[in-house]
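Q: Quick note on numbering: the sequence shown equals residues 164 to 458 in the working numbering. For glycine and all other residues, C-beta sits at the position ideal for the given N, C-alpha and C. Shown below is the structure under consideration.
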Amino acid sequence: MGNKATNTSVQIETLKERGLTLDYEEAKIKEFLLDIGYYRLGFYWHHFEIDNDHNFAKDSKLSDVIALYYLDVDLRTILLRYLNRIEIHFRTKVVYYVSNMFKDSPAWFADDAIVNNSFIHSTPYKTSMLHRVYTPDFINNNKTLKKHHLNNPEDTYAPAWKSLEFFTFGVLLNLFKNIRDEGIKKRVTESLGVLNPNKFENLMSTVVLIRNICSHGDVLYDFKTPRGLSVVPGIDFESSDRSSLNACIKVIAYLLEHISDNRKKDFLKDIDSLFKKNFNNDTIKGIINEKIKYK
């Protein structure tokens, strides 16, 4: 859109000039532009552009852009539902296993005998993760923690089974990585079917990344992992593909299987139904095959 705001009439003319077929009535096009937004739709019509001047490939249609946008929305909705199940299971296992192993340290996440110093203690040059998270606002914004500190003013931190419920998925994984005892980490990872904690951290880092993309409404259909997913027996990656969204779907299904086989089946059924619903559009089917790599 450049450096100046434009109205929907100008936006429509710009899309026409760049070669996008506007196969809707003008009122409907304006509805899309005012509902979804020109800038956000640009994340999706980018797939159809052929040069740095944002010109469109021949036969590019707005209806395909809209279909791709809604595919992405529906995919995020499905993934978020099942990723939430993985997050809760992981959180529960971390709290349960570590808290029961170190019963004399209820706030073990702040105990440098249990967790690496770098997670707990700040330096003159860097604020620790714990100090960035466990702030007065963090306490005041969560009723359970606020009540705990009112009743226990001598406690610097509430026990792990209270505090960790309010850590984000990313912070929780960061904490897990910093637990010193490899044996207790392995107990957590084995509950999700991964024997090697390092491989588990690799897979779970991608799960957290996808979860954040879904939560914040970012573009998902062309996602690729920053680094290849770890090879784990039981995850059947196709050929050498360990970075596409389809590879990530396989990881999510594998983790769900170790929580509930029914949840895994529900997840794969929902994913398959969504993609098949879009297979009647050859353009979107091509994107699902080539970008997501789902066959």
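#1: Using DSSP bridges, identify the partner residues of Ser285.
#2: Hey, would you say Leu238 sits closer than 8 Å to Tyr384, going by beta carbons?
#3: Check the C-beta distance from Asn160 over to Leu392 and give it rounded, since I have them as a contact under 8 Å.
#4: For my contact list, Gly333 and Asn303 are in at a C-beta cut-off of 8 Å; report their separation, rounded to the angstrom.
#5: Do Ser278 and Asn341 have their C-beta atoms within less than 8 Å of each other?
#6: Distance, Cα to Cα, Asn315 vs Met292?
#7: Beta-carbon within less than 6 Å of Glu176's beta-carbon, same chain only, minus the 5 sequence neighbours each way: which residues are those?
#8: Does DSSP classify Thr240 as helix, strand or coil?
#9: Any idea what DSSP makes of Lys387, helix, strand or coil?
#10: Which term fits Leu355, buried or exposed, when burial requires 16 or more other beta carbons within 10 angstroms of its beta carbon?
#11: Just mark Tyr207 as buried or exposed, buried being the case when its beta carbon has 16 or more other beta carbons within 10 Å.
#12: Over what stretch of residues does the alpha helix (DSSP H) that includes Pro316 continue unbroken?
#13: Can you find at least 3 beta carbon pairs, one from the stretch 167-183 and one from the stretch 208-228, that sit closer than 8 Å?
#14: Using a Cβ-Cβ cutoff of less than 8 Å, which residues in the same chain neighbour Ala276 once the five nearest sequence positions on both sides are dropped?
A: From the atom records:
#1: Here residue 285 refers to the residue found at position 122 when the sequence shown is read from its first residue. In DSSP, Ser285 forms no bridge with anything.
#2: As a first step, residue 238 is located in the sequence shown; it is residue number 75 there, counting from the start. As a first step, residue 384 is located in the sequence shown; it is residue number 221 there, counting from the start. Contact flag set, yes.
#3: Outside the displayed span of the chain (164 to 458) sits residue 160, for which this structure offers no information.
#4: Taking the sequence shown and counting its residues from 1, the one referred to as residue 333 is at position 170. Taking the sequence shown and counting its residues from 1, the one referred to as residue 303 is at position 140. About 22 Å separates the two Cβ atoms, so there is no contact after all.
#5: Taking the first residue of the sequence shown as 1, we reach residue 278 at position 115. Taking the first residue of the sequence shown as 1, we reach residue 341 at position 178. In the sequence under discussion, the amino acid at residue 278 is Val, which differs from the Ser named in the question. Yes, the Cβ-Cβ distance between Val278 and Asn341 is below 8 Å.
#6: Here residue 315 is taken as the residue at index 152 of the sequence shown, counted from 1. Here residue 292 is taken as the residue at index 129 of the sequence shown, counted from 1. Answer to the nearest angstrom: the Cα atoms are 23 Å apart.
#7: Along the sequence shown, read from residue 1 onward, the residue named residue 176 stands at position 13. So no residue of the chain qualifies.
#8: Here residue 240 is taken as the residue at index 77 of the sequence shown, counted from 1. Looking at Thr240 - three-state DSSP - the assignment turns out to be helix.
#9: Translated into the one-based positions of the sequence shown, residue 387 becomes position 224. Lys387 falls in the strand class under three-state DSSP.
#10: Numbered from its first residue, the sequence shown carries residue 355 at position 192. By the 10 Å Cβ count, Leu355 comes out buried.
#11: What you label residue 207 is simply residue 44 of the sequence shown in a count that begins at 1. Tyr207 comes out buried.
#12: As a first step, residue 316 is located in the sequence shown; it is residue number 153 there, counting from the start. Unbroken run through Pro316: none, as it is neither H nor E.
#13: yes
#14: In the sequence shown, residue 276 corresponds to position 113, counting from 1. Closer than 8 Å at Cβ, skipping near neighbours: Ser268 and Arg343.
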